[in-house]
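Chemist:
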Amino acid sequence: MPELPQDKTVQEEHGPGIDIFTPGKPGDYELEGGIWEDEDARNFYENLVDLKAFIPAILFKDNEKSGQSKDKDEAKDGRDGKHAASATEELELELEALDITDEPLELEGGDEVESEELAKKLLDEQEQEDEEANTGSHLKLIVDAFIQQLPNCVNRDLIDKAAMDFCMNMNTKSNRRKLVRALFTVPRQRLDLLPFYSRLVATLHPCMSDVAEDLCSMLRGDFRFHIRKKDQINIETKNKTVRFIGELAKFKMFSKTDTLHCLKMLLSDFTHHHIEMACTLLETCGRFLFRSPDSHLRTSVLLEQMMRKKQAQHLDARYVTMVENAYYYCNPPPMEKAVKKKRPPLQEYIRKLLYKDLSKVTTEKVLRQMRKLPWQEPEAKSYLICCMINIWNVKYNSIHCMANLLAGLVAYQEDVGIHVVDGVLEDIRLGMEVNQPKFNQRRISSAKFLGELYNYRMVESAVIFRTLFSFTSFGVNQDGSPSPLDPPEHLFRIRLVCTLLDTCGQYFDRGSSKKKLDCFLVYFQRYIWWKRSLDIWTKDHPFPIDIDHMIRDTLEVLRPKMRLSCSLDEATKQVSDLEREVLVKLGMAMENNGRSSAMSEGEALDEEDDDDEEEGGAETEEQSGNESEMNEQEEDEASENEEEDREEEEEENTDYLTDSNKENETDEENNEVTIRGGGLKHVECPEDEDFIQALDKMMLENLQQRSGEAVKVHQLDVAIPLQLKSQLKKGGSGQQCAVEGDSDNSNTMQFVMLTRKGNKQQYKILNVPLSSHLAANHFNQQQAEQEERMRMKKLTLDINERQEQEDYQEMMQSLAQRPAPANTNRERRPRYQHPKGAPNADLIFKTGGRRR
1 MPELPQDKTV QEEHGPGIDI FTPGKPGDYE LEGGIWEDED ARNFYENLVD
51 LKAFIPAILF KDNEKSGQSK DKDEAKDGRD GKHAASATEE LELELEALDI
101 TDEPLELEGG DEVESEELAK KLLDEQEQED EEANTGSHLK LIVDAFIQQL
151 PNCVNRDLID KAAMDFCMNM NTKSNRRKLV RALFTVPRQR LDLLPFYSRL
201 VATLHPCMSD VAEDLCSMLR GDFRFHIRKK DQINIETKNK TVRFIGELAK
251 FKMFSKTDTL HCLKMLLSDF THHHIEMACT LLETCGRFLF RSPDSHLRTS
301 VLLEQMMRKK QAQHLDARYV TMVENAYYYC NPPPMEKAVK KKRPPLQEYI
351 RKLLYKDLSK VTTEKVLRQM RKLPWQEPEA KSYLICCMIN IWNVKYNSIH
401 CMANLLAGLV AYQEDVGIHV VDGVLEDIRL GMEVNQPKFN QRRISSAKFL
451 GELYNYRMVE SAVIFRTLFS FTSFGVNQDG SPSPLDPPEH LFRIRLVCTL
501 LDTCGQYFDR GSSKKKLDCF LVYFQRYIWW KRSLDIWTKD HPFPIDIDHM
551 IRDTLEVLRP KMRLSCSLDE ATKQVSDLER EVLVKLGMAM ENNGRSSAMS
601 EGEALDEEDD DDEEEGGAET EEQSGNESEM NEQEEDEASE NEEEDREEEE
651 EENTDYLTDS NKENETDEEN NEVTIRGGGL KHVECPEDED FIQALDKMML
701 ENLQQRSGEA VKVHQLDVAI PLQLKSQLKK GGSGQQCAVE GDSDNSNTMQ
751 FVMLTRKGNK QQYKILNVPL SSHLAANHFN QQQAEQEERM RMKKLTLDIN
801 ERQEQEDYQE MMQSLAQRPA PANTNRERRP RYQHPKGAPN ADLIFKTGGR
851 RR
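Take a look at the structure:
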């Protein structure tokens with residue numbers, strides 16, 4: 001574009017040496033805002049419908065006079081503007097005149113009489129028109145309907161359509177006066193119609209200027225009537241008149257000179273209703289007058305005069321607020337512009353994706369765009385991680401979308417998830433250390449983000465419980481003394497706990513996580529009651545009820561059947577009982593496992609949690625505690641057997657090694673020997689301790705599992721030869737087993753002992769007394785087997801009998817449903833008999849009734 005010269009027409013109109021926008025003067029302001037508040041307001045007040053382009057000229061042929069009057073008004077406004085901006089000394093003299101003059105209304109008496117006479121003349125003409133009923137009855141009905149529909153024109157399109165309709169169909173002198181009266185008598189409660197009525201007048205003005213002239217004259221007269229009367233009633237009507245004047249002034253139908261003169265009249269008697277009228281006028285068109293070049297100086301002088309009167313007169317607080325609002329609406333104070341940080345385009349694009357575009361619907365699209373970013377560049381990668389950690393910049397309802405996005409991104413960039421989780425945990429810890437109210441929303445967002453990360457399997461439950469316990473323990477003194485990290489009046493940590501539990505607590509409903517949550521809720525109740533019992537909460541300053549409701553809502557969702565504590569003592573007792581129970585379990589576990597008493601409490605807690613996850617873990621502990629003395633030898637034997645089996649497996653595995661593997665193995669052993677012989681010492685590290693703990697834990701689980709299993713003796717069934725069965729007595733049971741027994745009349749039982757000598761089997765009959773343990777057990781076993789056989793026999797017979805009975809019932813039922821058989825003899829055809837006189841074929845052909 002070519003460089004155009006700056007337009008200096010405004011300065012030339014006011015003189016060569018006068019700058020109306022010079023900083024430091026009363027009218028100092030910035031022109032960046034413009035006359036109108038926004039683009040919509042500018043379109044409403046400036047972009048009017050050109051009726052001349054749509055309406056034939058014959059319909060407004062009586063508009064010549066209106067054009068001349070409009071030129072006169074514009075010339076008058078220009079002269080007034082030049083006079084107002086001629087010199088700064090005249091403004092100061094006018095300001096002093098305003099301070100001294102108290103009764104300027106006497107000069108306007110003649111104008112008021114003229115306005116009253118004009119209104120009276122209009123009323124007389126209306127009476128004459130009502131008498132003329134000979135012609136125009138149909139048009140009168142149309143006009144009345146049009147006037148009744150005017151209050152329904154509440155947008156720009158409707159009011160423009162109404163203006164075109166009036167100009168096309170109802171443009172007569174009497175109808176225009178009816179329209180003016182309808183506009184002037186707008187209800188005082190319908191202030192929303194005033195801008196649209198003013199737009200109607202401005203739209204009709206090029207075609208019928210008398211509408212605007214008559215309406216402005218009536219409003220001017222009504223305004224002077226209220227000023228002269230000085231009564232303290234009808235404030236709504238007064239505000240309606242003033243606001244109507246302001247709206248017409250913005251459409252340039254009411255001249256700026258007359259508008260400022262009205263404001264000057266109100267400021268001359270700045271009391272009671274005049275204060276409200278002045279503030280209403282300024283709130284309606286003050287910005288327009290102040291920012292218009294031809295009325296800026298006079299408006300700024302009147303505004304300064306109003307502020308001086310506010311300072312000089314001890315006004316009511318309500319009036320002071322109204323005056324200040326009106327002044328700063330017209331001349332707002334300079335605002336420091338926020339310096340927008342300039343970022344590279346890639347960073348702006350990342351922020352747009354995460355903070356603006358990310359939603360439940362666009363998560364997949366954002367993930368695809370994220371994968372296209374230059375991950376090989378460290379700066380872009382670090383900035384993206386930083387933006388994902390700053391979760392407080394995301395909408396609260398879209399935090400779960402960020403967790404979902406991160407879970408999808410980890411499949412392609414694994415280290416991003418680790419950095420983001422570490423940053424979130426660090427931010428949560430930093431918030432507890434700083435503990436400033438301005439970071440509260442940031443802390444809430446971080447807590448919810450951590451819960452959403454657990455929901456999307458980005459963190460383990462241990463991280464959640466560690467964070468929950470840190471909320472109730474970090475910086476909290478156990479003796480109850482105040483702490484700078486958690487003052488008595490600060491209850492924000494309770495809100496953090498509830499936020500985290502509301503986000504992911506519903507998933508802690510089974511297994512070890514359920515027990516951990518139950519344990520935490522006991523400590524959480526003690527923390528709440530400790531906060532409640534502080535001296536800061538009194539009857540005049542009670543504990544916040546919203547915190548109480550939030551706690552109850554959270555616990556009702558997680559544990560609806562949980563009994564809440566009623567006092568600090570009860571909560572403390574629950575904590576002590578829980579700790580005592582855990583210590584008892586830990587002591588039993590240490591005794592059963594043969595572990596040393598020097599094990600740490602954290603290890604014992606981990607073992608207890610792992611045992612709880614197994615099914616029947618508690619029963620195993622109880623059994624091992626009750627039968628510890630009986631199972632010690634068995635455990636030792638089991639451990640020895642396991643060691644032997646392990647050695648055998650290692651030997652077998654070594655047999656399958658190839659020669660090359662053996663060579664490599666020997667080389668590694670030799671290297672280890674040489675390294676050890678070189679003087680290096682073994683240095684203990686946390687990894688070794690973790691390995692030893694894991695090994696001990698695995699051994700303990702194996703021992704507990706094997707100790708709970710019952711030892712079963714395998715039975716060997718061997719057939720007894722037939723020659724031995726004949727030697728046994730007839731009362732024998734005849735069972736085939738490794739040892740076979742029979743009962744005789746005496747108190748002995750016969751057993752057959754199988755021995756082997758060389759390759760031959762030898763059998764020997766033994767008489768064992770019934771008082772022995774072996775005979776008694778065998779006899780009881782035989783009785784039990786006999787009873788089981790009888791029971792199974794009876795059960796089988798019952799089943800067969802029931803099945804036969806069911807078959808019989810089904811057969812009888814089918815027979816009952818079968819229809820009765822028909823009598824076939826009755827339906828059989830009679831034998832054919834030859835009629836008399838008919839020839840007999842048998843006699844004729846001498847067949848005798850037989851076939852050849």
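According to UniProt numbering, the sequence shown is numbered sequentially starting from 1.
C-beta atoms are modelled at their ideal positions from N, C-alpha and C, and glycine is treated no differently.
Owing to the predicted nature of the structure, the values given are computational and were not obtained by experimental measurement.
1) Span of the alpha helix (DSSP H) holding residue 552?
2) Which value, in whole angstroms, describes the spacing of the CA atoms of residue 465 and residue 422?
3) What residues in its chain sit with their C-beta under 8 Å from that of residue 367, if we drop five residues either side in the sequence?
4) Between the stretch 284 to 303 and the stretch 334 to 345, are three or more C-beta pairs nearer than 8 Å?
5) Would you mind sorting residue 505 into buried or exposed? The rule is 16 or more other CB atoms within 10 Å of its CB.
6) Could you spell out the range, first to last residue, of the beta strand (DSSP E) harbouring residue 769?
7) DSSP on residue 242, reduced to helix/strand/coil?
8) Return the first residue and the last residue of the alpha helix (DSSP H) that residue 421 is part of.
9) Rounded to the nearest angstrom, what separates residue 450 and residue 424 at their Cα positions?
10) Could you check if residue 135 is buried or exposed, using at least 16 other CB atoms within 10 Å of its CB as the buried criterion?
11) Determine the direct distance from the alpha carbon of residue 697 to that of residue 688, and round the result to whole angstroms.
12) Got a sec, what are the start and stop residues for the alpha helix (DSSP H) residue 757 sits in?
13) Below 7 Å between beta carbons: does that hold for residue 273 and residue 235?
14) Would you give the residue range spanned by the alpha helix (DSSP H) that residue 43 belongs to?
15) Inspect the beta-carbon positions of residue 350 and residue 384 and report whether they are closer than 7 Å.
16) So is residue 862 buried or exposed if we call it buried at 16+ other beta carbons inside 10 Å?
17) Tell me the rounded alpha-carbon separation between residue 604 and residue 516.
18) Quick check on the burial criterion: 16 or more other C-beta atoms within 10 angstroms. Buried or exposed for residue 256?
19) Does the Cβ of residue 566 have 16 or more other Cβ atoms within 10 Å, making it buried, or fewer, making it exposed?
20) For residue 585, which three-state DSSP category applies?
21) Compare the Cα-Cα distances from residue 559 to each of 526, 547, 572 and 502 and report the closest residue.
22) Does residue 401 pass the burial test, meaning 16 or more other C-beta atoms within 10 Å, or should it be called exposed?
23) Verify whether the separation of the beta carbon atoms of residue 254 and residue 248 is less than 7 Å.
24) Grab me the residues of residue 724's own chain with a C-beta within less than 8 Å of its C-beta, minus the 5 sequence neighbours each way, in chain order.
25) Leaving out the 5 sequence neighbours to the left and right, which residues in its chain are closer than 7 Å to residue 346 when beta-carbon positions are compared?
26) How close, in whole Å, do the beta carbons of residue 330 and residue 290 come, if the pair is a contact with beta carbons under 8 Å?
27) Sorted by chain position, which residues of the same chain lie with C-beta nearer than 7 Å to residue 153's C-beta, five sequence neighbours on each side aside?
28) CB-CB under 6 Å to residue 454, same chain, minus the five flanking residues each way: which ones, in chain order?
29) Specify the secondary structure class of residue 790 as computed by DSSP and reduced to three states.
30) Return yes when the Cβ of residue 495 is within less than 7 Å of the Cβ of residue 575, no when it is not.
31) Looking at the unbroken alpha helix (DSSP H) that takes in residue 282, where does it start and where does it end?
32) Using CA atoms only, rank isn't needed, just tell me which of 229, 488 and 227 is closest to residue 536.
33) Helix, strand or coil for residue 683? Go by DSSP, reduced to three states.
34) Please determine, among 287, 224, 416 and 276, the residue with the shortest C-alpha to C-alpha distance to residue 258.
35) For the alpha helix (DSSP H) holding residue 198, just list the boundary residues, first then last.
Modeler: Looking at the atomic coordinates:
1) 545 to 558
2) 16 Å
3) 405, 408 and 409
4) no
5) buried
6) 760 to 769
7) In the structure shown, residue 242 sits in a helix (DSSP, three-state: H, G or I).
8) Element bounds for residue 421: 414 to 434.
9) 7 Å
10) Interpretation of residue 135 is limited by its pLDDT of 42, a score under 50 that renders its predicted location unreliable; the figure taken from the coordinates is listed afterwards. Label assigned to residue 135: exposed.
11) 14 Å
12) Not the alpha helix (DSSP H): residue 757 falls in the beta strand (DSSP E), residues 748 to 757.
13) yes
14) In the DSSP annotation of this structure, the continuous segment of the alpha helix (DSSP H) that includes residue 43 starts and ends at 39 to 46.
15) yes
16) This structure does not reach residue 862, given that the chain is present from 1 up to 852, and the question cannot be answered.
17) In this predicted model, residue 604 has a pLDDT of only 41, less than 50, meaning its place in the structure is not dependable; the value taken from the coordinates is given anyway. Each residue's Cα considered, the two are about 14 Å apart.
18) buried
19) exposed
20) helix
21) Checked all of 526, 547, 572 and 502; the closest Cα to residue 559 is 502.
22) buried
23) yes
24) Contacts found: 752, 763 and 765.
25) Only 380 meet the Cβ criterion.
26) 5 Å
27) Counting only Cβ-Cβ distances below 7 Å, and skipping sequence neighbours, we find 159, 162 and 196.
28) 464 and 504
29) helix
30) no
31) 273 to 291
32) Among 229, 488 and 227, the Cα nearest to that of residue 536 is on 488.
33) Under the three-state reduction of DSSP, residue 683 is assigned to coil, being neither helix nor strand.
34) Among 287, 224, 416 and 276, the Cα nearest to that of residue 258 belongs to 224.
35) 194 to 204
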